[in-house]
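Participant:
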Amino acid sequence: MSGLGDIATIVLVSAGALLFLAGALGLLRFPDTLSRLHAISKADNLGLGLIVLGLLPQMASIADGLKLLCIWLLAQLS
Numbered sequence: 031m032s033g034l035g036d037i038a039t040i041v042l043v044s045a046g047a048l049l050f051l052a053g054a055l056g057l058l059r060f061p062d063t064l065s066r067l068h069a070i071s072k073a074d075n076l077g078l079g080l081i082v083l084g085l086l087p088q089m090a091s092i093a094d095g096l097k098l099l100c101i102w103l104l105a106q107l108s
């Protein structure tokens, strides 16, 4: 079961990192300020969510997983 969790972690964290990279690319490529903000905010929110989901199987306890979810929730509220 650990192997399956490790594969899920690698896939989800990699997808989240790619979304962060796509958002940074959008920040550089789009012409106006509102398009840039839209690109970076959408990519960052989804990227962070995927990274948190990828890290959840690696947490030692449920409390650690809840801390990660709280971090993601605070990022959504800001």
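Residues 31 to 108 (our numbering) are what the sequence shown spells out, left to right. No residue lacks a Cβ here, since even glycine has one placed at the ideal position from N, Cα and C. Being a predicted model, the structure only gives us computed values, none of them experimental.
1. With L86 as the anchor, note down where its alpha helix (DSSP H) starts and where it stops.
2. Thinking G95 and L86 are a contact (beta carbons under 8 Å), I'd like their distance in whole angstroms, please.
3. How is the alpha helix (DSSP H) around F60 delimited, first residue to last?
4. Flag this pair as touching only if the stretch 58 to 71 and the stretch 33 to 47 have three or more C-beta atom pairs under 8 Å; answer yes or no.
5. So is I81 buried or exposed if we call it buried at 16+ other beta carbons inside 10 Å?
Facilitator: Looking at the atomic coordinates:
1. Premise fails: L86 is in no alpha helix (DSSP H) and is neither H nor E.
2. 5 Å
3. Careful: F60 lies outside any alpha helix (DSSP H) and carries neither H nor E.
4. no
5. buried
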